[in-house]
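Enquirer: Quick note on numbering: the working numbering labels position 172 of the sequence shown as 320, and the sequence is numbered without any gaps. Each residue gets a CB set at the ideal place from its N, CA and C atoms; glycine is no exception. Every value quoted in this text rests on a predicted model; they were computed, and no experiment measured them.
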Amino acid sequence: MTRRLMRAAGAALVLLAGSALARPALAQETVRVGSTPTGVPFTFLDTKTNTIQGVMVDVITAIGKQAGFSVQIEPFQFSSLIAALNARKIDAISAAMFITAPRKEVIAFSEPVYAYGEGLVVPKADTKAYTAFSDLKGEVVGAQVGTAFVDALKKSGEFGEVKAYDTFPDMLRDVNAGRVKAIFADAPIIAYNLKSGNFPNAHLVASYKPVVVGSVGIGVRKDDTALLAKINAGLAKIKENGELAKILEKWGLQPSVNPS
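#1: Quick one: grab the DSSP three-state call for Leu409.
#2: Sort Val181, Phe192, Ile331 by Cα distance to Glu287 and report the nearest one.
#3: Between the Cα of Leu401 and those of Pro317, Gly202, Gln292, spot the shortest distance and give me the residue it belongs to.
#4: Looking only at its chain, what residues have a beta carbon closer than 6 Å to the beta carbon of Asp239, apart from the 5 residues adjacent to it on each side?
#5: Output the residue ranges of the alpha helix (DSSP H) runs that lie fully inside the segment 327-376 and measure 4 residues or longer, sorted by chain position.
#6: By DSSP, does Ser183 sit in helix, in strand, or in coil?
#7: Kindly give me the distance between the Cβ atoms of Ser355 and Ala277, rounded to whole angstroms, as I take these residues to be in contact under 8 Å.
#8: Would you call Ser218 buried or exposed, if buried means 16 or more other Cβ atoms sit within 10 Å of its Cβ?
#9: Check for me: the beta strand (DSSP E) holding Gly288 runs from which residue to which?
#10: Where do the ends of the alpha helix (DSSP H) carrying Ser304 lie?
#11: By the DSSP assignment, the alpha helix (DSSP H) with Gln214 in it spans what residues?
#12: Can we say the segment 315-330 touches the segment 389-399, given the rule of at least three CB pairs closer than 8 Å?
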């Protein structure tokens, strides 16, 4: 082989090697995100498209665009999200999940996305101006399994029974039918569901002051520090450029909520 041919062959190999190295860089990382089919407007199943939609889906998608990863939404019941994350069935959680001390013992959270407290729902015929747990002393009340509200209700010692429900609609149906005196749940989710008109015999108590006030964050495994850093960087960008505020407004939420 002549020197000219050898040089040409070498150049071709360099080009091939370069293109082979470049190809993986073009492939975008896909992050499997656990979300819930109930919890509107944060997450819910859109029956028209058979996909999970809502605030937290829009948030993690926007973060991914900023941080350089695509999102694959996986549906799970709220109470099974953390177990699914730690079993590596998903890579992240984006739902109406409060950042709490017990949860931080088993998973890591992003910086806060949105802050709010619990709301109180009673039958429409009940017009009492409830303000605190003590106003319902001895009564049967309900909350959703896996939420921060269940423990708070039980630890208060104020109630005759605290019923735990798998889904938010199940709770609303029971209070709507008068099977429980009241339910406690995420105030924005309650307001959105009641606005739909599907539960005409229940109402949100305007006078009630939330006890469990917290912030929603995006959860990842404790050892996944690289993904957490990407999520926090993307979240900072959508806060700064106003995209987060636009997402909240799209779903009828105020840009800044901090009940007291």
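Expert: To lay it out plainly:
#1: The structure shown does not extend to residue 409, since the chain is modelled only from 149 through 408, so no value can be given for it.
#2: As a first step, residue 287 is located in the sequence shown; it is residue number 139 there, counting from the start. For Glu287, the nearest C-alpha among the options comes from Ile331.
#3: Taking the first residue of the sequence shown as 1, we reach residue 401 at position 253. Cα-wise, what sits closest to Leu401 is Gly202.
#4: Stepping through the sequence shown from its first residue, residue 239 is reached at position 91. Closer than 6 Å at Cβ, skipping near neighbours: Val179, Arg180.
#5: 335-343
#6: Within the sequence shown, residue 183 is the residue found at index 35, counting from 1. Here Ser183 sits in strand by DSSP.
#7: What you label residue 355 is simply residue 207 of the sequence shown in a count that begins at 1. What you label residue 277 is simply residue 129 of the sequence shown in a count that begins at 1. Correct: roughly 4 Å between the Cβ atoms.
#8: The count along the sequence shown starts at 1 and reaches residue 218 at position 70. The residue in question, Ser218, is exposed, as its Cβ has fewer than 16 Cβ neighbours within 10 Å.
#9: Here residue 288 refers to the residue found at position 140 of the sequence shown. The sequence shown places Val at residue 288, not Gly. Here the beta strand (DSSP E) through Val288 covers 288-292.
#10: Position 156 of the sequence shown, counting from 1, holds the residue named residue 304. 296-304 is the extent of the alpha helix (DSSP H) around Ser304.
#11: Translated into positions along the sequence shown, residue 214 becomes position 66. From DSSP, the alpha helix (DSSP H) with Gln214 extends over 203-215.
#12: They do not touch, by the three-pair rule.
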